[in-house]
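Peer 1: For our numbering, count along the sequence shown from 1 and bump the result up by 2.
Questions regarding the structure given below will be posed in turn.
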Amino acid sequence: MNEPNGSMEEQLAAARAEIEELRGDKLRLQRELVRLRGLLRGEPRDLRSTKLNEALRE
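Spelled out as structure tokens, the structure:
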């Protein structure tokens, strides 16, 4: 905690930038998950495993 304010401000700015990057990653992954679920739901159920069917119901 004895760091100069400039260094703390730099760390805060870097943390905020990382948070924004992670939010973008989260949004991209959510969209990909929706897309993949749609693809899986389009397949006949007998081609999917029971565990996969259970996971899709969640």
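Cβ atoms here follow ideal geometry from the backbone N, Cα and C, with glycine treated the same way.
State the start and end residues of the unbroken alpha helix (DSSP H) segment that holds S9.
Peer 2: Counted from its first residue, the sequence shown places residue 9 at position 7. Counting along the chain, the alpha helix (DSSP H) containing S9 begins and ends at 7-43.
Peer 1: Would you grab the beta carbon distance between L68 and R37 for me? Rounded to a whole angstrom, and I think it's under 8 Å.
Peer 2: Because the chain is modelled from 3 through 60, residue 68 falls outside the range shown and cannot be assessed.
Peer 1: Indicate, with yes or no, if the ligand HEM has a heavy atom lying under 8 Å from the CB of R37.
Peer 2: Summarising the ligand content, the structure contains no ligands, and the ligand HEM is consequently not present.
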